[in-house]
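Undergrad: Protein sequences appear in the order of chains Z and C. With the working numbering applied, the first sequence closes on residue 124, and no number is skipped along the way. With the working numbering applied, the second sequence closes on residue 437, and no number is skipped along the way.
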Amino acid sequence: MAAELHVALVAADREVWSGEATLVVARTTSGDIGVMPGHQPLLGVLESGPVTIRTSDGGTVVAAVHGGFISFADDKLSLLAEIAELSDEIDVQRAERELERAKAEGDAAAERRADVRLRAAATR
Amino acid sequence: MGAQLRVYKRRIRSVTATKKITKAMEMIAASRVVKAQRKVAASTPYAQELTRAVTAVGTGSNTKHPLTTQAETVTRSAVLLLTSDRGLAGAFNSNAIKAAEQLTERLEAEGKEVDTYIVGRRGLAHYNFRERKVVESWSGFTDEPTYADAKKVAAPLIEAIEKETAEGGVDELHIVFTEFVSMMTQTALDDRLLPLSLEEVAQTGSSAAAAAGAPKGEILPLYDFEPSAEDVLDALLPRYVESRIYNALLQSAASKHAATRRAMKSATDNAGELITTLSRLANAARQAEITQEISEIVGGSAALADATAGSDR
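#1: Return the Cβ separation of T392(C) and K143(C) in integer angstroms, given the expectation that the two are a contact with Cβ distance under 8 Å.
#2: Could you confirm whether any beta carbon from chain C is found closer than 9 Å to the beta carbon of S48(Z)?
#3: Let me know the secondary structure DSSP gives S425(C) once reduced to three states.
#4: Is there a Cβ of chain Z sitting closer than 9 Å to that of S263(C), yes or no?
#5: Express the C-alpha separation of G126(C) and G424(C) in angstroms, rounding to a whole number.
#6: What does L174(C) touch in chain Z if you count any residue whose Cβ is under 7 Å from its own?
#7: Report the rounded CA-to-CA distance for L46(Z) versus A372(C), giving the unit in angstroms.
#8: At the 9 Å Cβ level, is Q93(Z) part of the contact set with chain C, yes or no?
#9: Distance check for R316(C) and Y241(C), CA to CA, integer angstroms please.
#10: Have a look at L297(C), A148(C) and G396(C) and flag the residue whose alpha-carbon is nearest the alpha-carbon of L227(C).
#11: Rounded to the nearest angstrom, what separates A333(C) and T400(C) at their Cα positions?
#12: What residue does the alpha helix (DSSP H) around T22(Z) start on, and which one ends it?
#13: Please state whether DSSP places S330(C) in a helix, a strand or coil.
#14: Helix, strand or coil: how does DSSP classify D267(C) here?
#15: Which value, in whole angstroms, describes the spacing of the CA atoms of Y271(C) and R14(Z)?
#16: In terms of residues, what are the limits of the beta strand (DSSP E) holding E98(Z)?
#17: By Cβ distance below 8 Å, which residues in the same chain neighbour E350(C) in space, the five residues on each side in sequence not counted?
#18: Based on the DSSP secondary-structure assignment, which residues constitute the bridge partners of T60(Z)?
#19: Please determine if the stretch 26-39 of chain Z and the stretch 101-114 of chain Z are in contact, where contact requires at least 3 C-beta pairs separated by less than 8 Å.
#20: Indicate the three-state DSSP secondary structure (helix, strand or coil) for K236(C) in the structure shown.
#21: Would you mind sorting S78(Z) into buried or exposed? The rule is 16 or more other CB atoms within 10 Å of its CB.
#22: Is it the case that the Cβ atoms of F69(Z) and R200(C) are separated by a distance below 9 Å?
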């Protein structure tokens with residue numbers, strides 16, 4: 001069993017992050033799932049939520065992911081998302097404004113997106 | 125200055141101005157091709173991973189899904205044609221339209237009704253002029269398509285494919301776009317997106333994935349599906365269609381810019397040639413004018429000399 005996961009976090013229009021990791025936690029439609037090396041091949045639907053990647057060198061990468069898939073086989077893990085942002089790419093002020101606006105307009109999906117962004121940004 | 129010479133000078137001025145414009149357009153298109161190519165490359169990892177996932181679900185489960193199963197009798201198909209908003213791109217648009225028309229003819233010969241969906245003002249204008257029915261059309265983003273645009277295009281198509289045929293739904297989805305092979309070669313081609321033929325997906329993947337050297341004939345492991353194979357497939361296939369359409373839009377944009385660049389390059393070359401020819405003609409006209417003036421002066425002075433010599437006598 002290899003001790004590392006090869007992770008690729010890809011958005012529709014770019015590769016957001018790729019590298020080695022020891023643990024990946026993502027939110028699927030039926031709850032959070034943690035994947036470590038040697039996990040059974042898996043294909044799941046992701047919810048809007050934060051994805052935490054514990055890298056091999058001990059660091060942590062957090063990304064806000066909005067919809068997509070997680071697929072794992074052969075110690076290769078891919079996270080496919082329509083929109084994905086790393087926590088340090090997130091514009092907190094903009095996300096806060098979005099949250100206000102979404103609350104005012106009662107747009108649940110937008111509110112959730114902004115909320116996920118803020119929570120991901122809070123971890124950095 | 126003689127009339128002939130003036131006409132030539134005017135034409136040279138006008139052709140020079142045109143040449144400047146086409147040269148500028150050529151350079152703009154050249155820089156856009158590079159940008160568009162980069163976007164195609166950037167969208168490749170997603171398309172590749174998605175294709176892998178689709179193949180995995182398709183081969184690893186016995187789930188029947190309307191998007192993967194072939195209808196027994198196909199009564200209606202949708203054809204999505206990707207053209208550009210603007211012309212000046214040589215035969216780019218007419219090639220794509222021609223490919224779509226051939227596909228439509230072929231499908232109609234097989235006894236299917238064809239619903240046409242169009243992206244780009246050029247294709248729409250072509251169909252409107254011939255008063256052919258277009259179900260839905262989009263324009264305004266063909267130069268730089270985003271994923272949101274692809275989603276917008278994909279939504280009604282996915283809806284149509286999920287609807288029952290009796291209620292106006294379609295059984296097949298074809299796409300006609302211009303594949304970006306290289307700077308010099310772009311080919312208009314048609315492709316069936318749905319229903320998926322899994323062997324084909326496994327072999328070729330999306331054209332982008334194939335270009336990136338996706339592993340062929342790979343044996344996929346048995347997957348665990350979260351929450352279930354049906355749900356995964358339900359969520360996966362619309363994304364797959366969107367990603368294929370996105371990729372086609374990007375390739376179409378890159379092809380369009382490459383075609384524009386080529387068309388503008390030959391326009392610039394032609395203008396250069398025209399300027400050379402016209403300058404030669406203008407030079408000849410100027411020389412003829414000078415020769416005529418000299419002979420007029422010589423003739424005039426000779427006549428004058430004759431006249432004075434005559435009056436002396």
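Glycine is no exception: its CB is placed at the ideal position from the N, C-alpha and C atoms. Note that the coordinates shown come from a computational prediction; the quantities given were computed from them, not determined experimentally.
TA: In this structure, then:
#1: 6 Å
#2: no
#3: helix
#4: no
#5: 19 Å
#6: L80
#7: 25 Å
#8: no
#9: 14 Å
#10: L297(C)
#11: Any reading at A333(C) is ruled out, since the residue's pLDDT is 41, under 50, leaving its predicted position unreliable.
#12: Taken as a continuous stretch (DSSP letters only), T22(Z) belongs to no alpha helix (DSSP H), being part of the beta strand (DSSP E) at R14 to T28.
#13: Unreliable positioning characterises S330(C) in this predicted model, as indicated by a pLDDT of 42, which lies under 50. The coordinate reading is nonetheless provided below. Note: S330(C) maps to coil in three-state DSSP.
#14: coil
#15: 11 Å
#16: Premise fails: E98(Z) lies in the alpha helix (DSSP H), V92 to E105, not in any beta strand (DSSP E).
#17: V356
#18: R54(Z)
#19: no
#20: coil
#21: buried
#22: no
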